[in-house]
Amino acid sequence: MWKSTVMRCSALFILALWAVLPGNSQAYDITVSLKEAEQLALTRNRDLRFARRNIEAAAAETLNAAAFPNPTLAVNASHLNLKSDPTTAFSSRTPTESEIRIDQTFERGGKRALRMAQADSKLTATRFDFDDTLRQTRFNARSAWFELKLAEHHVELSGIIASQSEHILELARRRYQAGDLSGADLGRFETDAARARAGVRTAESTLTRARTALGILLADENHALQLVTRGDWPAERARLPDAATITTAISQRPDTLAAAARMEAARHNVGLAQAKRTRDVTVSLQYERQPADVTQPRNSLGLEVSIPLFLGNYFEGDIRHAHAELALAEDQLEAIRARIQAEINQLVDELQHASDRWHALQEQALPAARRTASAAELAFSKGAISALEFLDAQRILRTAELDTLQARSDLAQASAALDAALETTISKEQEPAS
């Protein structure tokens, strides 16, 4: 008896272990709310990792910009006696001439300060790029969650429609067997039921794609097919943004601030190009030793100062190129502001239309379609209407149900898109450049 009990317990343990293995993608559902999807995306999303790496690279460039020119050390020995010991080349007892020289370049014209300012501006722009990636990731997570929610409802609704179609088909077969329905009409019901079953498979395929899309955003592809939404659609937006909110978004959104920082970096680049016309000074210190002479010492120190002569290149091309890049950065900033303005205007219009459409379908079209379908089903069961009239009423109901569901998703998507367009949140990554 105890052996059979142990075997049953072992079997249950193995089944339980198999159920929780990562490879068993259908073992259990992973429910995720809208808020949890946002938080997971902001924690795991790979695009955010890439953006952080860009910040690290830009921060490293500030170290390069702050660096001073390195000195150069040169050692020279001549008149070497190949038959003597090479280690005695710098000895006072050998006839070898030797020289040690150190060169140091001193930058002028504020080049180092301009480089540092340019690197800091680029770092600031990269940090704002990270904030813009945060903004887009948050919206993408919401959008993917809404798509999954819609796909789940589609599967549920398609299953109900298929079940109803099978029920109606069974009713039609009874009428056909009783001689109250023609074979052609029965074929129409069979076709309608087959179409409903195909609709279920299509909805399931859409559900798989929606789960995969959300899983990729959450960087959890291994469990993507187990994702299930938890919670209802978010509440409808209370009011539309006012002019002050729109103006703030245009001037303070992260992509605008990033473009402004890049324009500032381009302005520093103009100063850096103009500073090239200020000559750097190279100072050289030299110690020279010649073979010993009984009459006078031959060891000497030398000091040299050199500056470049701008006879062939006065950096006109560099300066013009820097001015062109500054003009381009200014144009890009203006284009981004104009795009944000147009984007917000479009999204406000889309939100208004989505709200009107959802209310019209939810409050008028869907109730009317349900009443019509219910009356048609009763009339068809009594033979008061034809098969075509009954199927037409059913199609109207299905269309109304699917349209209402799609309208609710469109309303949520439009509201999330407008929220993202108006978002001006700056993250903790915006720390002063070192």
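Under mature numbering (1 follows the signal peptide of the UniProt record, and there is no 0), the residues of the sequence shown are numbered -27 to -1, 1 to 407, in order.
Idealized CB from N, CA, C, for every residue including glycine.
These figures come from a predicted structure and were not determined experimentally.
### Coil, strand or helix - residue 280 by DSSP
Three-state DSSP puts residue 280 in coil, outside helix and strand.
### Message
Taking only three categories from DSSP, how would you classify residue 260?
### Response
Taken through DSSP and simplified to helix, strand or coil, residue 260 comes out as strand.
### Cα-Cα separation, residue 37 to residue 296
Each residue's alpha carbon lies about 23 angstroms from the other.
### Query
How long is the line joining the alpha carbons of residue 398 and residue 391, rounded to whole angstroms?
When the Cα atoms are used, residue 398 and residue 391 turn out to be separated by approximately 14 angstroms.
### Query
What three-state label does DSSP hand residue 409 in the structure shown?
This structure gives no information on residue 409, because the portion of the chain shown stretches from -27 to 407.
### Task
Could you give the DSSP three-state label for residue 75: helix, strand or coil?
Looking at residue 75 - three-state DSSP - the assignment turns out to be strand.
### Message
Which residue wins for smallest C-alpha separation from residue 118, given the options 182, 353 and 105?
### Response
Among 182, 353 and 105, the Cα nearest to that of residue 118 is on 182.
### Task
Work out the CA separation of residue 194 and residue -5 for me, nearest whole Å.
For residue -5, the pLDDT reaches just 44, beneath the cut-off of 50, and the residue's location in the model is therefore unreliable, although a value from the coordinates is still provided. About 11 angstroms.
### Query
When DSSP labels each residue in this structure, what does residue 397 get in the three-state scheme?
Reduced to three states, the DSSP call for residue 397 is coil.
#### Entry: Rounded separation between residue 159 and residue 166 - CA only
Taking the straight line from one Cα to the other gives about 11 angstroms.
#### Entry: Same chain only: Cβ atoms within 7 angstroms of residue 240, ignoring 5 sequence neighbours per side
For residue 240, where only same-chain residues beyond five positions count, the Cβ hits under 7 angstroms are 299.
### Query
Taking the C-alpha atoms as reference points, what is the distance between residue 88 and residue 190?
Rounded to the nearest angstrom, the two C-alpha atoms are 38 angstroms apart.
### Query
With distances taken between CB atoms, is the gap from residue 85 to residue 39 smaller than 8 angstroms?
In this structure, residue 39 lies closer than 8 angstroms to residue 85 by Cβ.
### Message
Using a Cβ-Cβ cutoff of less than 7 angstroms, which residues in the same chain neighbour residue 233 once the five nearest sequence positions on both sides are dropped?
### Response
Excluding residues within five positions, the ones whose Cβ falls inside 7 angstroms are 306.
### Message
So residue 24 and residue 96 are supposed to be a Cβ contact under 8 angstroms. How far apart are they, rounded?
### Response
Incorrect: roughly 13 angstroms between the Cβ atoms, too far for contact.
### Task
Find out if the Cβ-Cβ distance for the pair residue 309, residue 229 is shorter than 8 angstroms.
Yes; because the gap between Cβ atoms is below 8 angstroms, this pair is in contact.
#### Entry: Which residues DSSP lists as bridging residue 49, in chain order
72.
### Message
Would the region 5 to 21 count as touching the region 124 to 137 if we require 3 or more Cβ pairs under 8 angstroms?
### Response
No: fewer than three Cβ pairs fall under 8 angstroms.
### Message
On a Cα-Cα basis, can you pick out the residue from 26, 41, 91 and 178 that is closest to residue 103?
### Response
The shortest Cα separation from residue 103 among 26, 41, 91 and 178 belongs to 26.
### Query
In the structure shown, what three-state DSSP assignment does residue 275 receive?
In this structure, residue 275 counts as strand in the three-state DSSP scheme.
### Query
Is it the case that the Cβ atoms of residue 334 and residue 373 are separated by a distance below 8 angstroms?
Residue 373 sits close to residue 334, with the two beta carbons spaced by under 8 angstroms.
### Query
Alpha carbon to alpha carbon, what distance is there between residue 155 and residue 329?
Rounded to the nearest angstrom, the two C-alpha atoms are 43 angstroms apart.
### Message
On the CB-based measure, 16 or more other CB atoms within 10 Å of its CB, does residue 93 come out buried or exposed?
### Response
Residue environment: residue 93 is assigned as buried (16 or more neighbouring CB atoms within 10 Å of its CB, all protein chains considered).
### Query
residue 6 to residue 226, Cα distance in whole Å?
Pairing residue 6 with residue 226, the inter-Cα distance amounts to about 27 angstroms.
### Task
Pick out whichever of 348, 315 and 332 has its Cα sitting closest to the Cα of residue 395.
Ranking 348, 315 and 332 by Cα distance to residue 395 puts 315 first.
### Residues near residue 231 in its chain [Cβ-Cβ closer than 6 angstroms; skip 5 each side]
98, 101 and 102.
### Query
So what's residue 200 in DSSP terms, helix, strand or just coil?
Residue 200: strand per DSSP, three-state reduction.
### Query
Looking only at C-alpha atoms, which of 111, 375 and 34 sits nearest to residue 468?
Here the chain comprises residues numbered -27 to 407, so residue 468 is not present and cannot be evaluated.
### Message
Measuring alpha carbon to alpha carbon, tell me which residue in 149, 47, 41 and 74 is nearest residue 275.
### Response
Out of 149, 47, 41 and 74, 74 has the C-alpha closest to the C-alpha of residue 275.
### Query
Is residue 292 helix, strand or coil when you go by DSSP?
Secondary structure of residue 292 (DSSP, three-state): helix.
### Message
So, with DSSP's three-state summary, where would you put residue 377?
### Response
In this structure, DSSP gives residue 377 a helical state, which the three-state scheme calls helix.
### Message
Under 7 angstroms: does the beta carbon of residue 320 sit that close to some heavy atom of the ligand MG?
### Response
Inclusion of the ligand MG in the displayed structure is not the case, the ligand content being empty and no account of it being possible.
### Task
Out of 149, 196 and 246, state which residue places its alpha-carbon closest to the alpha-carbon of residue 360.
Ranked by how close their Cα comes to the Cα of residue 360, the residues 149, 196 and 246 have 149 in first place.
### Query
Would you call residue 69 buried or exposed, if buried means 16 or more other Cβ atoms sit within 10 Å of its Cβ?
Label assigned to residue 69: buried.
### Message
Can you give me the C-alpha to C-alpha distance between residue 255 and residue 28, rounded to a whole angstrom?
### Response
Taking the straight line joining both Cα atoms gives about 35 angstroms.
### Message
Measuring straight from C-alpha to C-alpha, what distance separates residue 4 and residue 322?
### Response
Distance between residue 4 and residue 322, taken at the CA atoms: about 33 angstroms.
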